[in-house]
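The numbers in the numbering used here rise by one with no breaks, and the one at position 51 of the sequence shown is 51.
So the structure is just underneath, and the comments pick up after that.
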Amino acid sequence: FQKADSDLDYIQYRLEYEIKTNYPDSAGKKNPVTLLKELSAIKSRYQTLHARFKPIAVEHKETKSRICATFNKTVTLIQELQKQTDLK
């Protein structure tokens, strides 16, 4: 996430620089700097969503680990029962 955040910062900086340098007056169109500010707002919303969903991702990972552990214990138990009853 930090790399994506850094990449967005760099892209925003470069775009602002290029727009100010190459297109100082964009007649009749929406101001590109305004568009870049909207990009900042989108980035902020992305960060907020990331913060909200991070605990969900952690819980998902933990749940997956518990399911795998339970499955492995079940397989081991079945194998032991098969050995005890001479089944395969």
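Even for Gly, the Cβ is constructed at its ideal location relative to N, Cα and C.
- Message: In this structure, how does DSSP classify Tyr10 when only helix, strand and coil are distinguished?
- Response: For the purposes of this step, residue 10 is taken as residue 10 along the sequence shown, with counting starting at 1. Helix at Tyr10.
- Message: With the cut-off set at 9 Å, would you say Gln12 and Ser44 are in Cβ contact?
- Response: Against the sequence shown, residue 12 aligns to sequence position 12. Against the sequence shown, residue 44 aligns to sequence position 44. In this structure, Ser44 does not lie closer than 9 Å to Gln12 by Cβ.
- Query: So Val33 packs on Glu16, CB below 8 Å; how close in whole Å?
  - Reply: Along the sequence shown, one-based indexing puts residue 33 at 33. Along the sequence shown, one-based indexing puts residue 16 at 16. That belief holds up - the Cβ atoms of Val33 and Glu16 are roughly 6 Å apart, short of 8 Å.
- Along the chain, where does the alpha helix (DSSP H) that runs through Thr74 open and close? In the sequence shown, residue 74 corresponds to position 74, counting from 1. Here the alpha helix (DSSP H) through Thr74 covers 32 to 84.
- Task: Could you tell me the distance, in whole angstroms, from the CA atom of Phe71 to the CA atom of Thr63?
- Result: Stepping through the sequence shown from its first residue, residue 71 is reached at position 71. Stepping through the sequence shown from its first residue, residue 63 is reached at position 63. Whole-angstrom Cα-Cα distance: 12 Å.
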